[in-house]
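Here the numbering used here runs 4 ahead of the position in the sequence shown, where the first position is 1.
In what follows, a structure is listed as structure tokens, so that the remarks can point back to it.
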Amino acid sequence: AVAVIQDGEVIYSQGFGSRNVATGDPFTPQTQFRIGSTTKSMTSLLVAQLVDEGKLSWDTPVTEIYPDFQTSDPELTAQLTLRDLMGMGTGLESDDLVSLDWGLWTEADLFKAIAAQTAVGEFRQHYAYNNEVYASAGYLAALAAGESLTLESYKTLIQSRLFDPLGMSSTIITDDRSQLSDNYSESYGFTLIDSITNADLVLPAPINVVAPAGAVWSSLEDMSRYVITQMNGGVSPDGTRLVSEVNLAITWEAQTVMPNEEPEIENLGYGMGWVSGTYNGLPFRYHDGGWDGYRTMMTIFPDTQTGLIIFCNHLFGDLFNNALMYAFGEMLDGGDPTPILDEFHTVFDENYVSIDAQLGFLPPPEVDPAVVAPLLGDYEQGWTLEQRADNRLWLIRPNWEMVLRPLPGVDIYLVSSGAAIGATAQFAVEGDEVTLTLDLAGEAWTFAKVG
Numbered sequence: 005a006v007a008v009i010q011d012g013e014v015i016y017s018q019g020f021g022s023r024n025v026a027t028g029d030p031f032t033p034q035t036q037f038r039i040g041s042t043t044k045s046m047t048s049l050l051v052a053q054l055v056d057e058g059k060l061s062w063d064t065p066v067t068e069i070y071p072d073f074q075t076s077d078p079e080l081t082a083q084l085t086l087r088d089l090m091g092m093g094t095g096l097e098s099d100d101l102v103s104l105d106w107g108l109w110t111e112a113d114l115f116k117a118i119a120a121q122t123a124v125g126e127f128r129q130h131y132a133y134n135n136e137v138y139a140s141a142g143y144l145a146a147l148a149a150g151e152s153l154t155l156e157s158y159k160t161l162i163q164s165r166l167f168d169p170l171g172m173s174s175t176i177i178t179d180d181r182s183q184l185s186d187n188y189s190e191s192y193g194f195t196l197i198d199s200i201t202n203a204d205l206v207l208p209a210p211i212n213v214v215a216p217a218g219a220v221w222s223s224l225e226d227m228s229r230y231v232i233t234q235m236n237g238g239v240s241p242d243g244t245r246l247v248s249e250v251n252l253a254i255t256w257e258a259q260t261v262m263p264n265e266e267p268e269i270e271n272l273g274y275g276m277g278w279v280s281g282t283y284n285g286l287p288f289r290y291h292d293g294g295w296d297g298y299r300t301m302m303t304i305f306p307d308t309q310t311g312l313i314i315f316c317n318h319l320f321g322d323l324f325n326n327a328l329m330y331a332f333g334e335m336l337d338g339g340d341p342t343p344i345l346d347e348f349h350t351v352f353d354e355n356y357v358s359i360d361a362q363l364g365f366l367p368p369p370e371v372d373p374a375v376v377a378p379l380l381g382d383y384e385q386g387w388t389l390e391q392r393a394d395n396r397l398w399l400i401r402p403n404w405e406m407v408l409r410p411l412p413g414v415d416i417y418l419v420s421s422g423a424a425i426g427a428t429a430q431f432a433v434e435g436d437e438v439t440l441t442l443d444l445a446g447e448a449w450t451f452a453k454v455g
């Protein structure tokens, strides 16, 4: 689904394809969709409102709002401000597997996880994207507003201060799909079992207490109202001011330099829920969002007073959304979008179609029960390995399930579906001891079999 905004008006809004492949129900501008990390700018807008009201400042130390806030470095803890929590420059780095636990966390668990994170770079210099740290800002906003440190308080606050005033009637924070309308989108992805060109339904996974960083469901219609408000400097489509232009603009300002290897893009930096830079000299600010198979892109080109919103309900949506955003920018600047579209087609072919062709050379996903019997059972940190009736291996954690496909070699498998797709799982048996080593993006975790 795509919406285009020009000078405060929606000039194009259209859904394409199906929100549900099985039923064929169409995707419409009213379809509810999980917008992922584009939620972050909503949290920073909420904080900007509280700054307007004098309940805090951007540079209020975090420990003045929540004295129990901790990191692994006491000196860093003392320096952190609310601005830092949303600027991706704390230097704290999140664990790649930690999102598998989000659905089990309480609010206290979120803050314990932050306290355990390691600083991997210089404070206010090193860019490290961190959902948990960002989410904590939503809870501190609730405390500053006189509410409790709970997800319900945050949800109530953003509902009353943002969603209701903007008339965003389809927008909600929830992991419970029974709270959605009948018109919501499923999400799709691929597995490394049959063909990655299939549209495989992605089972929903909870975001839970990390909600201020990414749990909003919205529609193209509602998001258009939100983006217009951002483009209007805090004034809603009906003329109501929600936040001062000064403090809203602070959320747009880059405060942490981001790594960038694209010559067309310059001055790339992270603000508070917004990335800003120039594309071939054309200023733009944007944020993407991704959870399960939901992919969102929200972009504003301030010089032309143009906005672009894209929803794509497939894991491949990252490529599509980026291609469309940059092609759109080319056209706004009077350029030819064809080269950028050709480039993304090439990337798709090289990185995905080639993978599909290689799947036929792998051993079949079914495994001999006698071979894997010693590996089956429970492992540390909530992992379980089981073999199902189809003779496929499943690696399971609460709220997550992943198929393991054997690779050439002994007891080594490819994670072929689910959250860790593309990772490898290596089992080692020494006497009565069995371990599982999961290697994801070059980082390895080892878990002992416990039952």
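Each residue gets a CB set at the ideal place from its N, CA and C atoms; glycine is no exception.
A quick note: this is a predicted structure, and the numbers were derived from the prediction, not measured.
Same chain, Cβ closer than 8 Å to residue i, neighbours up to 5 away in sequence not counted
i, result
"L89", "V66, V137, Y138, S140, A141 and L144"
"A165", "The residue you asked about is not Ala; residue 165 is Arg in the sequence shown. Excluding residues within five positions, the ones whose Cβ falls inside 8 Å are L50, Q53 and L246."
"V371", "Q391, N395, R396, L397 and P410"
"A82", "P65 and T67"
"T461", "Outside the modelled stretch of the chain, which goes from 5 to 455, sits residue 461, for which no answer is possible."
Identity of the residue in the options nearest residue i by Cα
i, options, result
"I211", "T43, F431, F451 and N264", "T43"
"F332", "L312, G28 and M262", "L312"
"A253", "G12, L49 and T260", "L49"
"E190", "W295, G91 and E370", "W295"
"T94", "E68, Y131 and V102", "Y131"
"Y192", "P208, D198, T178 and I177", "P208"
"T122", "D77, V102, G281 and S103", "D77"
"S280", "G293, G297 and A258", "A258"
"V220", "T233, I200 and L155", "L155"
"I118", "F73, S45 and N202", "F73"
"Q10", "Y290, V261, G364 and I232", "I232"
"P287", "G150, Y70, F315 and T310", "T310"
"G477", "L366, Y356 and G218", "Residue 477 is absent from the model: the chain starts at 5 and stops at 455."
"D29", "W109, Y188 and V102", "Y188"
"V438", "G293, G364 and P378", "P378"
"M46", "I359, W278 and T75", "W278"
Beta-carbon separation (whole angstroms), residue i vs residue j, contact threshold 8 Å
i, j, result
"M276", "T303", "Rounded, the Cβ-Cβ distance is 17 Å, inconsistent with contact."
"L147", "L153", "6 Å"
"W387", "R409", "About 17 Å; that fails the 8 Å criterion."
"R299", "G321", "3 Å"
"V433", "Y383", "Not quite, the Cβ-Cβ distance comes to about 13 Å (not below 8 Å), so this is no contact."
"I197", "P306", "Their Cβ separation, rounded to whole angstroms, is 45 Å, which puts I197 and P306 out of contact at 8 Å."
"W404", "L101", "Actually they do not touch by this definition, with Cβ atoms about 10 Å apart."
"E57", "V213", "That pair is no contact at about 25 Å."
Contacts around residue i, its chain only, beta-carbon distance under 7 Å, and the 5 residues preceding and following it disregarded
i, result
"N264", "L272"
"E249", "G237 and G238"
"Q385", "F451"
"G283", "In the sequence on display, residue 283 carries Tyr and not Gly. Cβ neighbours of Y283 beyond the five flanking positions: E268, I269, Y330 and G333."
"M172", "S222, D226, R229 and Y230"
"A327", "I344, L345 and F348"
"L380", "L389, E390 and Q391"
"D63", "T85 and R87"
"V261", "Y131 and G273"
DSSP-derived helix/strand/coil call for residue i
i, result
"L319", "coil"
"Y188", "strand"
"H3", "A query on residue 3 cannot be resolved here, the shown segment of the chain reaching from 5 to 455 and no further."
"A252", "It is worth fixing the name first, because residue 252 is Leu in this sequence and not Ala. Note: L252 maps to helix in three-state DSSP."
"M235", "helix"
"V261", "strand"
"Y131", "coil"
"N395", "coil"
"F167", "helix"
"T64", "coil"
"K483", "Since the first residue shown for the chain is 5 and the last is 455, residue 483 is missing from the structure and cannot be characterised."
"F194", "coil"
"F365", "helix"
"M92", "coil"
"W387", "coil"
"I313", "strand"
"F73", "coil"
"T282", "strand"
"F288", "strand"
"I118", "helix"
Close-in-space but distant-in-sequence residues of the same chain around residue i (CB under 6 Å, 5 per side omitted)
i, result
"S421", "T195, M406 and V407"
"S98", "N134 and E136"
"R2", "Beyond the ends of the chain as shown, which are 5 and 455, falls residue 2; an answer cannot be given."
"S159", "Ser is not the amino acid found at residue 159; the sequence shown has Lys there. I177."
"T308", "L336"
"Q430", "I416 and T441"
"P241", "R229 and I232"
Contact with chain D by residue i, beta-carbon distance below 8 Å
i, result
"A445", "Here there is only one protein chain, and chain D is not present."
message: I want to know whether the region 46-54 touches the region 339-354 - three or more CB-CB distances under 8 Å.
response: no
query: Hey, is the region 32-46 in contact with the region 216-228, meaning 3+ C-beta pairs nearer than 8 Å?
result: yes
- prompt: With a cut-off of 8 Å, do at least 3 Cβ pairs link the region 177-185 to the region 336-343?
  reply: no
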